[in-house]
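Please read the structure below before turning to the comments.
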């Protein structure tokens, strides 16, 4: 059985993403941090890791971008997961009885309209949504947590209210990483690379032109600071196509003319979206 | 006297940035959050706000980008400040005596090499560097805080060790915001805008070409998600030049042809760098 690492406690949204992607045929390896996920892949403790790369409300997850460049593992897949928050508790409390509500600050923010209506409860930020579900399951307080419905199953909690997030358009895109690229055919291949540009006028425009001139569809561009070079950036791009296609090879060779360094994270199938 | 708002307690790096920029001729208005800074400008409680926009090690400050677009205040200036961390305490303790060290998680991370050598102290993450200096000044514990040397002055603390950060290349760029643009001449004008592109092939390439074709130097590009449109982005760009220059006006008009919306944040003098 495939071993898959993710960051967070059991019931975290990264676990849900892993289970959806691999269709349940996996053994799960919860990890304390994103870098622990990368280290487990590196040392062969797991075959795969599932990490968030961007959220449609909050933007990119920079730690993941920086670790991608540090470890240079191939991306073997991706998926989009709709984020649905629920209010969980040990018993079927009336909302007015609940004294404390725990969750990750981002989840609390995403449910602010719902929380405003509950005047009787104090709000406590916690490091993790699933971790919040875990602690209330161990506690004697009349408390609740905001977390996934999977966390309710895992920790034996009741769902007091479903889908309490302000905005339905809350999606997180996850990457599936391995140590070796998946050798297969793709229906709609997508590729990711990053590069550091030479200091030449119009460098970024020239970099994007290597794709535009060949009609390669650019899907995302992200920049990250280079730590030892103040206010210089590493650019990460996703584009439609296979790194083995002739036209993509030519584009990457063209990009190399104006880059100091290029890293390739591989080709993978464009991700599906899972709702709820 | 000009009133200037910044986020953080007295002694925060944003306060140092404000004092360097305005040469001390200001009355300071500490604020709980970035949005409080924007609200104070909006309601005329202060004339100016000073907010961080990017750090050379950690990257962009997204909350600032999102608030820029929400309030659309003109940027009237910028500066770069070298971030130097110090270990502060109430008395000239020997390092071995210190039992607890408080600071913001980023500051703790930036001083990790120094902290590894102090085996006797426990490390406590705190919401703010200057706030950490403030609480140890009120406490009877043998504790220390990592913060600016200005925080030491403000809270009457001793500097046990200076410049304890891992990396000297730690700079934060700050923006100075007002409610009205500063009408003046510039030595080296810089301008900032943001735009939402139409859904057309090669849209970002075409957007950058409006600058490249006119030899306008693009200095920074950043993308932020649009909350109600999953995986679509608002692009923020900084470029050399004045929004009143004929060539820049033409470039912006050209950009408008392929954009749904353009916001202009104004023209300002390219920032100086302040060391330590």
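Chains as they are written, first to last, in the numbering used here: chain A, 1 to 276; chain B, 1001 to 1276. Every residue gets a Cβ at the ideal spot worked out from N, C-alpha and C, and that includes glycine.
Residue j beta carbon less than 9 Å from that of residue i
i, j, result
"residue 133 of chain A", "residue 108 of chain A", "no"
"residue 1005 of chain B", "residue 1041 of chain B", "yes"
"residue 129 of chain A", "residue 265 of chain A", "no"
"residue 1212 of chain B", "residue 1259 of chain B", "no"
"residue 1111 of chain B", "residue 1146 of chain B", "yes"
"residue 240 of chain A", "residue 69 of chain A", "no"
"residue 1223 of chain B", "residue 141 of chain A", "no"
"residue 1218 of chain B", "residue 205 of chain A", "yes"
"residue 1085 of chain B", "residue 1163 of chain B", "yes"
"residue 82 of chain A", "residue 275 of chain A", "yes"
"residue 173 of chain A", "residue 55 of chain A", "yes"
"residue 1101 of chain B", "residue 1115 of chain B", "yes"
"residue 16 of chain A", "residue 268 of chain A", "no"
"residue 1098 of chain B", "residue 1143 of chain B", "yes"
"residue 3 of chain A", "residue 29 of chain A", "yes"
"residue 1127 of chain B", "residue 1104 of chain B", "yes"
"residue 1049 of chain B", "residue 1131 of chain B", "no"
"residue 197 of chain A", "residue 89 of chain A", "no"
N-terminal and C-terminal residue of the beta strand (DSSP E) that residue i is part of
i, result
"residue 1102 of chain B", "1100-1103"
"residue 1005 of chain B", "1002-1007"
"residue 267 of chain A", "259-269"
"residue 195 of chain A", "189-197"
"residue 291 of chain A", "Past the edges of chain A, shown from 1 to 276, lies residue 291 of chain A, and the structure says nothing about it."
"residue 219 of chain A", "218-226"
Residue range of the unbroken alpha helix (DSSP H) whose run includes residue i
i, result
"residue 243 of chain A", "From DSSP, residue 243 of chain A is part of no alpha helix (DSSP H); its letter is neither H nor E."
"residue 1020 of chain B", "1013-1022"
"residue 133 of chain A", "129-138"
"residue 176 of chain A", "Where residue 176 of chain A is concerned, there is no enclosing alpha helix (DSSP H), although the beta strand (DSSP E) it sits in stretches over 171-178."
"residue 68 of chain A", "62-71"
Residue i (DSSP reduced to helix, strand or coil)
i, result
"residue 1083 of chain B", "coil"
"residue 94 of chain A", "coil"
"residue 1141 of chain B", "coil"
"residue 1047 of chain B", "coil"
"residue 35 of chain A", "helix"
"residue 1149 of chain B", "helix"
"residue 1236 of chain B", "strand"
"residue 282 of chain A", "Here chain A covers residues 1 to 276 and nothing more, so residue 282 of chain A does not appear."
"residue 1211 of chain B", "helix"
"residue 204 of chain A", "helix"
"residue 316 of chain A", "Residue 316 of chain A lies beyond the stretch modelled for chain A, which goes from 1 to 276, so this question has no answer here."
"residue 166 of chain A", "coil"
"residue 272 of chain A", "strand"
"residue 56 of chain A", "coil"
"residue 184 of chain A", "coil"
"residue 116 of chain A", "helix"
Chain-ordered chain A contacts of residue i [CB-CB under 8 Å]
i, result
"residue 1227 of chain B", "56, 57, 167 and 169"
"residue 1224 of chain B", "59"
"residue 1108 of chain B", "Chain A residues near residue 1108 of chain B: none, gap ~15 Å exceeds 8 Å."
"residue 1218 of chain B", "202, 204 and 205"
Residues that residue i contacts on chain B, provided the C-beta gap is smaller than 8 Å
i, result
"residue 114 of chain A", "Ordered by position in chain B, no residue passes the 8 Å Cβ test against residue 114 of chain A, which lies about 17 Å from the chain."
"residue 124 of chain A", "Ordered by position in chain B, no residue passes the 8 Å Cβ test against residue 124 of chain A, which lies about 15 Å from the chain."
"residue 221 of chain A", "1204, 1221 and 1223"
Within chain A, partners of residue i - CB distance below 7 Å
i, result
"residue 1202 of chain B", "212"
Listed by chain order, chain A residues near residue i by CB distance under 9 Å
i, result
"residue 1209 of chain B", "205, 208, 209 and 212"
Where residue i meets chain B, residues with beta-carbon distance less than 7 Å
i, result
"residue 79 of chain A", "Per Cβ cutoff of 7 Å: no residues; residue 79 of chain A is ~13 Å from chain B at best."
Given a limit of 7 Å on CB to CB distance, which residues of the segment 1229-1260 of chain B reach chain A?
1230 and 1231
Listed in chain order, which residues of the segment 1030-1062 of chain B have Cβ atoms closer than 9 Å to some Cβ of chain A?
1054, 1055, 1056, 1057, 1058, 1059, 1060 and 1062
Against chain A: residues of the segment 1146-1157 of chain B by CB proximity under 7 Å
none
Using a Cβ cut-off of 8 Å, which residues of the segment 1128-1145 of chain B contact any Cβ in chain A, in chain order?
none
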